[in-house]
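Using this note's numbering, you'd call the opening residue of the sequence shown number 38 and step up by one each time.
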Amino acid sequence: IQRVGGEQSTDWNRQKSKEIVAKWIKSGDINKMEILVANADDLALGALDAFKEANKEPSLPIFGINAIKEAQQAIKDGQMAGSILQNVEGQGIAAYKIAENLAAGKSPMEGIDLKLDGGINVDIPYEVVTPENVDKYLK
Numbered sequence: 038i039q040r041v042g043g044e045q046s047t048d049w050n051r052q053k054s055k056e057i058v059a060k061w062i063k064s065g066d067i068n069k070m071e072i073l074v075a076n077a078d079d080l081a082l083g084a085l086d087a088f089k090e091a092n093k094e095p096s097l098p099i100f101g102i103n104a105i106k107e108a109q110q111a112i113k114d115g116q117m118a119g120s121i122l123q124n125v126e127g128q129g130i131a132a133y134k135i136a137e138n139l140a141a142g143k144s145p146m147e148g149i150d151l152k153l154d155g156g157i158n159v160d161i162p163y164e165v166v167t168p169e170n171v172d173k174y175l176k
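Next comes the structure, spelled out in structure tokens:
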């Protein structure tokens with residue numbers, strides 16, 4: 038978790054995220070923040086856990102990354118503002134098509150409607166999961 042004026046590592050651990058945010062709630066530092074963006078949904082959910090444990094509603098929008106099912110439900114329930122979905126299915130399809138092209142002696146991107154980023158990375162667009170579209174992902 039990063040915040041203005043410093044950084045504190047959660048070691049990708051939900052419990053540690055909860056403990057850090059609990060300290061911010063207790064000290065009042067959370068009231069100086071406008072948004073909380075976590076590098077993984079588990080860390081955003083840890084922040085939510087801290088608010089729940091303090092019997093408080095989140096005082097700022099909380100965002101995560103990966104759009105895991107628990108985060109999707111938190112978005113639907115209005116507890117999280119959103120999450121970024123890395124399109125794993127799209128990544129797999131692109132990798133397969135590139136491999137298929139290479140095996141056939143074709144250009145790697147032939148027939149693929151995606152762009153190369155920097156000439157070596159295939160750009161597969163991220164998807165933003167919000168309260169407005171979360172039902173599309175919750176299945």
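Idealized CB from N, CA, C, for every residue including glycine.
Assumed close pair residue i, residue j - CB separation to whole angstroms, cut-off 8 angstroms
i      : j      : result
LEU122 : ILE99  : Not confirmed; about 16 angstroms, so no contact.
ILE161 : GLY127 : 5 angstroms
Under 8 angstroms between C-beta atoms of residue i and residue j
i      : j      : result
ALA131 : ILE112 : no
TYR174 : ALA104 : yes
VAL166 : SER96  : no
GLY101 : ASP86  : no
ALA108 : LEU139 : no
GLY115 : PRO168 : yes
DSSP bridge partner residues for residue i (one or two, in chain order)
i      : result
PHE88  : Paired residues: none, contrary to the question.
VAL165 : ILE121
LYS152 : ASP160
GLY142 : According to DSSP, GLY142 bridges with nothing at all.
Nonlocal neighbours in the same chain, by C-beta distance under 7 angstroms from residue i, ignoring five residues either side
i      : result
GLU164 : LEU122 and ASN124
GLU147 : ASN138
GLU71  : LEU97
SER144 : ASN138
LEU151 : ALA131, VAL159, ASP160 and ILE161
Residue of the options minimising C-alpha distance to residue i
i      : options                         : result
GLU94  : ILE62, LYS106 and SER46         : ILE62
TYR133 : MET70, GLY155 and VAL159        : VAL159
LYS53  : LYS69, ILE67, ALA84 and GLY65   : ALA84
LEU153 : ILE135, ASN50 and ALA141        : ILE135
LYS55  : LYS89, ASN68, LYS69 and PRO145  : LYS89
ASP172 : MET117, GLN110, ASN50 and LYS69 : GLN110
LYS176 : TRP49, ALA141, LYS106 and ASN50 : LYS106
Same chain, Cβ closer than 6 angstroms to residue i, five either side skipped, listed in chain order
i     : result
ALA91 : ILE62
LEU80 : THR47 and SER54
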